[in-house]
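Using the working numbering, read the sequence shown as starting at 1228 and increasing by one per residue.
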Amino acid sequence: MSEHTPASDPLVDGPHDPEHDPRASYALEPEYVAGLTRRLVSTTGRTVPHTSPLGGQPLAHVPQSSPADVAEAFERARRAQAVWARTPVEERAATMLRLHDLVLDRQAEIMDLVVLESGKARKDAYLEVAHIALTARYYGRTGPDHLATRRVPGIFPGLTRVEVNRLPKGVVGIISPWNYPFTMALCDGLPALVAGNAVVSKPDQQTVLTALLAAGLLDEAGFPADLWQVVTGGGPEIGGPVVEHADYICFTGSTTTGRTIARQCADRLIGCSLELGGKNPMLVLHDAAVERATEGAVRGAFPNSGQLCVSMERLYVADQVYDRFVERFVARTQALTLGASLDWEVDMGTLINQRQLETVQAHVDDAVAKGARVLAGGRARPDLAPYYFEPTILEGVSPDMECFGQETFGPVISLYRFHDEADAVARANEGSYGLNASIYSRDGARARELARGIRCGTVNINEPYGAAFGSMAAPMGGMRESGLGRRQGAEGILRYTETQSVGTQRGLSLGPAYGLSEERHAAVMTASLRLLKKLGRA
Ligand code: NAD
């Protein structure tokens, strides 16, 4: 491992020595923490200790918000939004493009904090930087077009002028998880801002510092003070009040919490988008390039230690290539550089907390107890970090095992052999999730045809997830119990708007004119309707 020098010296207390005890303290400088937490709305005086999964040591003490603080955050955001909504959309978009540059310039600091808070490999933290730069550029460039007022045909051509406006919803509540702390803090909020909304963000408690760094970058980019509020606390305690005050909710997290939030939004008759869990399948067809497929399987199964909503947990491999594939996949997996540090050289970092470790261990233990075979990994590695679990490949997984249908959200993938492609597609569609799938084949056209039969919101061909997910113009989200609504693309910004149709009638009124009787008026109308259809009008 090469030595890594933290980009911002004050960030980490103590030298970063690759030979050091992996459980060494990574306490942050108090001034740095104070600079970040100044951005929180919190009057409780209560703090909670914050630890780094790299070493399980205290990182900082983070102030907590109360329901009253949430109400105050919404009030401030509402005042700021009233002004922001009147700011020309081009100006809002230009601010987004400044954020793009700032995120790329400050990437080292962002990655340091993301790794310290989440324990992921640095390369996984870089993906967060890249994803936010892509999102900021996409909405910075396309926002004005998505939001432009559109002329649509009126009831009578020439006589009725109809325009559809896109108005901001108001203040959007964003409730996000810990797995991609920088991406999840910002990616859904950026289109909301371009659309003229304000945001109250409730990140997961474990990764609130990264969310605060993200909020500070928005200030530096030039977004108005108070437009973006951050509150923190336990999910039900603080998430509930966020739903109570918001005009729209964007939630990312587990399917269980998603259902609770959907019910609360239904009570208030506000809209919501829900980005939930997955049990994502990868199909390796008989004509797949095996080397490429194994590389994709490793990247697909173990990004962020499998704590990625679109990562792969089920792998279906055609009979003809099964043995070759498995041999290479196991070898590549065993060759990964495991570790928990700020260095670039780590291929797979640690799980984030004890709860994650317990779930992953329980799924593997249950599978092994019921007869599954471990082809790689299978063990916790407290010598690397307190919650570390090895990248694990299982074979012989059956429906009675927990990891067959339940989301593990960890570095565990189950291998299945298939003989018939239709059967493989049917098995990929089993279960209740429908987030992401991947197909490896040399025949792109055929793979795209098979994709249409897969009930997932994204399907990637010859890539595990990045081809669709990394394309900002492509909507991303889940079918079935993987969610409602989409992030990215037109859907990703239009969800934060209300349409308003404005019709202007010119010349003739729509009622009976020139003293016509209702009967005569209906006859004239009928003749006009027939004519308009003949003319091919929509
Ligand atoms: P979680 O549902 O427990 O928590 C997510 C967020 O919701 C956190 O901020 C939490 O504090 C908050 N929360 C919890 N209970 C709440 C309640 N009753 N009311 C309001 N807010 C509440 O999820 P998790 O286990 O921390 O995160 C992992 C899950 O997120 C996985 O299932 C994963 O698949 C999913 N996820 C999905 C996507 C996606 O884009 N589809 C992305 C990342 C993670």
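We put the CB at the ideal spot given by N, CA and C, even for glycine.
- Ranked by how close their Cα comes to the Cα of proline 1530, the residues Tyr1643, Glu1336, Arg1722 and Gly1693 have Gly1693 in first place.
- Between leucine 1578 and valine 1587 the beta-carbon gap is near 7 Å, inside 8 Å, which marks them as a contact.
- Proline 1371 sits in a helix when the DSSP states are folded into three classes.
- Apart from sequence neighbours up to five positions away, the residues of its chain that approach arginine 1526 with a beta-carbon distance below 7 Å are Pro1691, ordered along the chain.
- Residue nearest to glutamate 1256 within the set Ser1568, Gly1704 and Leu1340 is Leu1340 (criterion: CA-CA distance).
- Counted as a single uninterrupted DSSP element, the alpha helix (DSSP H) harbouring glycine 1671 occupies residues 1671–1678.
- The three-state reading of DSSP puts tryptophan 1455 in strand, counting E and B together.
- Apart from sequence neighbours up to five positions away, the residues of its chain that approach alanine 1441 with a beta-carbon distance below 7 Å are Phe1409, Ala1412 and Leu1413, ordered along the chain.
- The C-alpha of valine 1652 lies about 9 Å from the C-alpha of tyrosine 1543.
- In the three-state reduction of the DSSP assignment, glutamine 1715 falls in the coil class.
- Counting only residues of its own chain and dropping the five nearest sequence neighbours on each side, alanine 1352 has a CB closer than 7 Å to the CB of Met1338, Val1341 and Val1342.
- Exposed is the label assigned to serine 1659, since fewer than 16 other Cβ atoms lie within 10 Å of its Cβ.
- Under the three-state reduction of DSSP, phenylalanine 1696 is assigned to helix.
- With respect to the C-alpha of glutamate 1540, the residue from Val1427, Glu1629, Gln1547 and His1358 having the closest C-alpha is Glu1629.
- For cysteine 1536, the secondary structure class from DSSP, reduced to helix, strand or coil, is coil.
- Excluding the 5 residues flanking it on each side, glycine 1598 has same chain C-beta neighbours closer than 8 Å at Gly1623 and Ser1625, in chain order.
- Under the DSSP assignment, alanine 1655 falls outside any beta strand (DSSP E), being part of the alpha helix (DSSP H) whose first and last residues are 1648–1655.
- Distances from the CB of asparagine 1663 to the heavy atoms of ligand 1 are all 6 Å or more.
- Inter-segment contact for the segment 1640–1657 and the segment 1514–1523 is absent: fewer than three beta-carbon pairs are separated by less than 8 Å.
- Collapsing the DSSP output to three states places histidine 1472 in a helix.
- Contact between the segment 1364–1383 and the segment 1316–1329 is present: 3 or more CB-CB pairs across the two stretches fall below 8 Å.
- Contiguous alpha helix (DSSP H) elements confined to the segment 1376–1418 occur at 1408–1413, taking only those with 4 or more residues.
- Its chain contains Val1398, Ala1425, Val1427 and Gln1456 as the residues whose beta carbon lies nearer than 6 Å to that of alanine 1304, once the 5 sequence neighbours on both sides are disregarded; these appear in chain order.
- Under the DSSP assignment, tyrosine 1643 falls in the beta strand (DSSP E) whose first and last residues are 1639–1645.
- Between alanine 1567 and glycine 1576, the CB-CB gap stays under 7 Å.
- In the three-state scheme derived from DSSP, where H, G and I count as helix and E and B as strand, isoleucine 1620 is classed as strand.
- With respect to valine 1297, glycine 1400 sits apart: the two C-beta atoms are not nearer than 7 Å.
- In terms of CA proximity to threonine 1271, Val1289 leads the group Pro1380, Val1289, Ala1307 and Leu1263.
- For glycine 1632, the uninterrupted alpha helix (DSSP H) segment begins and ends at 1629–1632.
- By the neighbour-count criterion, in which a residue is buried when 16 or more other Cβ atoms sit within 10 angstroms of its Cβ, alanine 1300 is buried.
- In the DSSP assignment, lysine 1506 falls outside any beta strand (DSSP E) and carries neither an H nor an E.
- Shown here for glycine 1661: same chain residues with a beta carbon closer than 6 Å to its own, the five before and five after excluded, namely Arg1682, Cys1683, Gly1705, Met1706, Arg1707 and Ser1709 in chain order.
- According to DSSP, glutamate 1725 shares a beta bridge with Leu1394.
- Taking C-beta separations shorter than 7 Å and ignoring five residues to either side along the sequence, the partners of alanine 1360 in its chain run His1327, Val1330 and Leu1331, following chain order.
- Residue pairing by DSSP puts alanine 1287 in a beta bridge opposite His1277.
- The three-state reading of DSSP puts tyrosine 1549 in helix, counting H, G and I together.
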